[in-house]
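This report refers to the structure that appears directly beneath it.
The following block contains the structure:
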């Protein structure tokens with residue numbers, strides 16, 4: 088696959104080893120390999136598989152961009168409104184309500200992780216993740 092990036096020559100080996108040993112990356116690579124094995128067993132022409140990879144990469148990237156925007160706006164809202172609400176509830180000695188507002192931020196992070204798991208094209212998300220990591224390592 089020509090879409091999987093190659094590490095730049097100046098990338099520190101420690102960063103590359105850390106990336107390869109990360110349990111999430113190992114799982115994502117496994118999902119990509121399973122998807123590729125299914126494609127290899129199909130009778131679809133190589134050009135069609137390439138087109139499908141492009142479509143899945145585009146769909147996944149677009150979906151996750153939207154999810155990150157929703158997450159960012161939700162966290163900002165939860166922090167601002169949550170801080171005011173928490174102080175208000177804590178001052179009125181409504182401790183459970185004050186704590187709930189604080190933990191809403193954590194809930195939004197969990198929602199983003201759930202969205203990543205159910206995203207269309209997630210089976211090839213390793214390609215995009217490796218691109219991001221390798222591009223950051225090159226800079």
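Residue numbers (the numbering used here): 88 to 226.
C-beta atoms are modelled at their ideal positions from N, C-alpha and C, and glycine is treated no differently.
Please read all numbers here as calculations on a predicted model, not as lab measurements.
query, result
"If I'm right that residue 148 touches residue 215 with Cβ under 8 Å, what's the distance once you round it to whole angstroms?", "6 Å"
"Which class does residue 159 belong to by DSSP, given the choice of helix, strand or coil?", "helix"
"DSSP three-state label for residue 206, please.", "coil"
"DSSP three-state call for residue 214: helix, strand or coil?", "helix"
"Quick one: residues in its chain with C-beta nearer than 7 Å to the C-beta of residue 104, no 5 flanking neighbours on either side, listed in chain order?", "none"
"Just to confirm my understanding: we take residue 126, look at its own chain, exclude 5 residues before and 5 after, and list those with CB closer than 8 Å. What are they?", "136, 139"
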